[in-house]
């Protein structure tokens, strides 16, 4: 039987989708700064839709990989951070800039610490939940009826804030109400990020305490 090489992992279908999402993220960045809002909208939306496709094909084809999971997570964080940073320039609001700094920091730190904590306890990915997991995280990561709307609503809020600056007046009668509808979903998603950060910190601290106690015996 032919042994798989590490380079073969790079050619997994879900990882190819991930590379395409990275390229879409680059297009999003350039189209924002050169003010092509509709290109930005389409590419950002396409990247979000493909975010679900890579996971689907990873499971369907038996091509789940740690590299693919990290690629997916990093792409999500970088794409959202790019949009949030540009929003601060677009609205020229110190309050929004402060909020963006907080949201970017919370998003990156909570996911990094969650992944690291899960790997340290022997789990294969940051979405793997057990019986002792905080109820909010368990509900979020195991129920797609919760997971998909919250993730979509969070990204939709940022994207709608962006488009509200460019849409013609008649379209704002639709986009602005949608922005307010997406706002609570964004707030809930970031509250879950805060819970994730706290729970992961506790898990790592528990591992540290156990290590120190063992060393003193």
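Residue numbers (full-length UniProt numbering): 1 to 217. Note that CB positions come from ideal geometry on N, CA and C, so glycine has one too.
Considering Cα atoms alone, identify which of the options is closest to residue i.
i, options, result
"residue 150", "170, 184, 216, 43", "184"
"residue 39", "24, 49, 132, 48", "24"
"residue 163", "105, 81, 87", "87"
"residue 27", "4, 3, 78", "78"
"residue 65", "180, 156, 7, 207", "7"
"residue 109", "179, 91, 198", "198"
"residue 148", "3, 49, 19, 34", "49"
With respect to the alpha helix (DSSP H) encompassing residue i, which residues constitute its N-terminal and C-terminal limits?
i, result
"residue 155", "144 to 163"
"residue 112", "94 to 120"
"residue 25", "13 to 33"
"residue 90", "66 to 91"
"residue 8", "6 to 9"
"residue 57", "37 to 60"
Under the rule that 16 or more other beta-carbon atoms within 10 Å means buried, what is residue i, buried or exposed?
i, result
"residue 189", "buried"
"residue 14", "buried"
"residue 145", "exposed"
"residue 59", "exposed"
"residue 114", "buried"
"residue 203", "buried"
"residue 54", "buried"
"residue 154", "buried"
Tell me, please, whether the CB atom of residue i is closer than 8 Å to any CB atom in chain D?
i, result
"residue 194", "Protein chains in the displayed structure number just one, and chain D is not present."
Query - Start-end ranges of the alpha helix (DSSP H) lying completely within the region 162 to 213, minimum 4 residues - result: Listed in chain order, nothing qualifies, since the region 162 to 213 has no complete alpha helix (DSSP H) run of 4 or more residues.
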